[in-house]
Amino acid sequence: MSASQESQVHFRRRTVVAAVGAVGVAAALTACGGSQDDAEGSDTVQPAEEGDGANAGGAVLAKTADIPEGGGVVFADQGVVVTQPTAGTFKAFSSKCTHQGCAVKGIADGVINCPCHNSTFDAATGEATGGPATLPLPEKQIRVEGDSITLA
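Everything in the sequence shown is counted per my numbering, starting at 416 for the first residue and increasing by one.
This is the structure:
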């Protein structure tokens, strides 16, 4: 093999190795990328406005105006979903689906939805309305004082 042929073989190997490396980097970046979905409504997951963690009694979760009528908001850090089934009536339930423990996400038209296996729950009672979950979401105690909603 001549020197020029040997140089071409090394060049080709480097090209192949570089191309494979670039594809791997591109795949890794794609897998780590976020979604650009602009979900509206009550599919939101909110951190608490103040307080020091899950189950912190008295922590302000939200203002009453932040909870849409017929919908609700999931507070992931506290493990609570707060709903407003009818104007001025606020309810709170565990945000952990009773089927396999996934966090519920969307709340609309009086229904709390679990995205993992499509279980549904009544936003007024927490009762399971669609499977595979059969048990209700456990009720959580909240207090509404003025325009603030707090954990009890």
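Glycine is no exception: its CB is placed at the ideal position from the N, C-alpha and C atoms. Given the structure is predicted, the values throughout are model-derived calculations rather than measurements.
Tell me which same chain residues have a C-beta within less than 6 Å of the C-beta of residue i, skipping the five on either side of it?
i	result
threonine 535	Val526, Asn528, Thr544, Gly545
lysine 478	Asp562
glutamine 499	Ile482, Glu484, Phe505
Provide the residue(s) that pair with residue i in DSSP beta bridges, ordered along the chain.
i	result
leucine 566	Ile557
glutamine 499	Glu484
Can the beta-carbon of residue i be found less than 7 Å from the beta-carbon of residue j?
i	j	result
serine 509	leucine 552	yes
lysine 555	alanine 518	no
asparagine 538	isoleucine 522	The question names asparagine, but residue 538 is alanine in the sequence shown. Yes, these two residues count as a Cβ contact at 7 Å.
Taking its Cβ as the centre, do 16 or more other Cβ atoms sit within 10 Å of residue i, making it buried, or is it exposed?
i	result
glutamine 400	There is simply no residue 400 to check, as the chain begins at 416 and stops at 567 in what is shown.
glycine 503	exposed
glycine 487	buried
alanine 480	exposed
leucine 516	For the sequence presented, residue 516 should be read as glycine rather than leucine. Under this definition glycine 516 is an exposed residue.
For residue i, report the span of its beta strand (DSSP E) as first-last.
i	result
lysine 506	504-509
Below 7 Å CB to CB, which residues in the same chain sit around residue i once its five sequence neighbours on both sides are set aside?
i	result
leucine 550	Thr513, Ala543
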